[in-house]
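Student: Numbering (this note's numbering), first residue to last: -8 to 257.
For every residue, glycine included, the Cβ atom is placed at its ideal position computed from N, Cα and C.
One structure, pasted below without further comment.
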Amino acid sequence: MKISGTMNETPRKFEKIAFVSSQTAEAEVARKALATRYGDAPVDEADVIVALGGDGMMLQTLHNYGDRNVPIYGMHRGSVGFLMNTFREDDLIGRLERAEPVVFHPLLMEAVDKSGTRFRARAINEVSLLRQTFQAAKLRISIDGRVRLEELICDGVIVATPAGSTAYNLSAHGPILPLGTALLALTPISPFRPRRWRGALVPDRARIDIAVLEADKRPVSATADHYEVRNIIAVSARLDRDTSIDMLFDPDHGLDERILREQFVY
-8 MKISGTMNET
2 PRKFEKIAFV
12 SSQTAEAEVA
22 RKALATRYGD
32 APVDEADVIV
42 ALGGDGMMLQ
52 TLHNYGDRNV
62 PIYGMHRGSV
72 GFLMNTFRED
82 DLIGRLERAE
92 PVVFHPLLME
102 AVDKSGTRFR
112 ARAINEVSLL
122 RQTFQAAKLR
132 ISIDGRVRLE
142 ELICDGVIVA
152 TPAGSTAYNL
162 SAHGPILPLG
172 TALLALTPIS
182 PFRPRRWRGA
192 LVPDRARIDI
202 AVLEADKRPV
212 SATADHYEVR
222 NIIAVSARLD
232 RDTSIDMLFD
242 PDHGLDERIL
252 REQFVY
């Protein structure tokens, strides 16, 4: 995730709000209450999209509507809510007008499977490769065309954005990256050889290429957030600077504060 700006230059007006929610009862009840109170515009006509649920719902909303040049504001009505603001029915218009935008670029994953078919998908959090069977994966990692790791034997590997660094990447003992950092985290999952390799920090302008070795014997899948491709032989990941996504956060509870706070949790 690349931060392009964090302050409003001119006040925004939010007259038409579109509400979307996860399928949980809690989120749906919240959506109906908010729609009754503030109206519910069609997504194509909205000035802002308000997503209700957890982080999974926010990722789904970003993927579905992130290319519409409309800001997205999440409120927590689910399980994990790292990307969500606190839920309150009152003063929604005021909160939206005071919210601070975070504009970022997603990762672009390009994958090739054993049949030679090519796939493209974008990721807000991470691109990850995972073994498909009981046998560990064998991977070769190159950065900007130069081989940096000839052979990594592992359960998989993650390429994470700063926002995604607190998700799967953190669970795999990868580093937390502050927002605005021009870096991507490259983190192995259960590395077997080399045992002491714990990953790398890569400039976010770099292209990361991962080749699957012994693909027939050791099949590997690749995912960009929730999009999965199986039996892949090669994957590349890079920041997609041609695509921008706009999220809104309450000024007293922004992503910078959440990422800083996450580093002091024990």
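Residue 167 and residue 36: beta carbons closer than 9 Å?
Tutor: Along the sequence shown, one-based indexing puts residue 167 at 176. Along the sequence shown, one-based indexing puts residue 36 at 45. For residue 167 and residue 36, no; Cβs fall outside 9 Å.
Student: Assess, as a yes-or-no matter, whether the segment 92 to 101 is touched by the segment 75 to 83 under the definition of 3 or more beta carbon pairs within less than 8 Å.
Tutor: no
Student: Do the CB positions of residue 236 and residue 5 come within less than 9 Å of each other?
Tutor: Numbered from its first residue, the sequence shown carries residue 236 at position 245. Numbered from its first residue, the sequence shown carries residue 5 at position 14. Not closer than 9 Å, so no.
Student: Compute the Euclidean distance between the alpha carbons of residue 55 and residue 30, then round it to the nearest angstrom.
Tutor: Start at 1 with the first residue of the sequence shown, and residue 55 comes out as number 64. Start at 1 with the first residue of the sequence shown, and residue 30 comes out as number 39. Within the model, the alpha-carbon separation for residue 55 versus residue 30 is close to 21 Å.
Student: Would you kindly report the start and end of the unbroken beta strand (DSSP E) that includes residue 54?
Tutor: Position 63 of the sequence shown, counting from 1, holds the residue named residue 54. Segment 46 to 56 is the alpha helix (DSSP H) holding residue 54; no beta strand (DSSP E) there.
Student: Below 6 Å CB to CB, which residues in the same chain sit around residue 68 once its five sequence neighbours on both sides are set aside?
Tutor: On the sequence shown, residue 68 is found 77 positions in, with the first residue counted as 1. Here the set comprises 17, 18, 21, 43, 44 and 78.
Student: Take the Cβ of residue 210 as the centre, count every other Cβ of all protein chains shown within 10 Å, and call the residue buried at 16 or more, exposed below.
Tutor: Within the sequence shown, numbered from 1, the residue matching residue 210 stands at position 219. Result: buried.
Student: If you draw a straight line from the C-alpha of residue 149 to the C-alpha of residue 28, how long is it?
Tutor: Here residue 149 refers to the residue found at position 158 of the sequence shown. Here residue 28 refers to the residue found at position 37 of the sequence shown. So the alpha carbons of these two residues sit roughly 42 Å apart.
Student: Specify, as a first and last residue, the run of the beta strand (DSSP E) that residue 178 falls within.
Tutor: Your numbering for residue 178 matches position 187 in the sequence shown. Start and end: 174 to 180.
Student: Looking at C-alpha atoms only, which residue of 64, 206, 135 and 216 is the closest neighbour of residue 85?
Tutor: Here the question's residue 85 lines up with position 94 in the sequence shown. Answer by Cα proximity: 64.
Student: Quick one: is residue 13 buried, meaning 16 or more other Cβ sit within 10 Å of its Cβ, or exposed?
Tutor: Position 22 of the sequence shown holds residue 13. By the neighbour-count rule (16 or more Cβ atoms within 10 Å), residue 13 is buried.
Student: What's the C-alpha gap between residue 109 and residue 219?
Tutor: Your numbering for residue 109 matches position 118 in the sequence shown. Your numbering for residue 219 matches position 228 in the sequence shown. Each residue's alpha carbon lies about 13 Å from the other.
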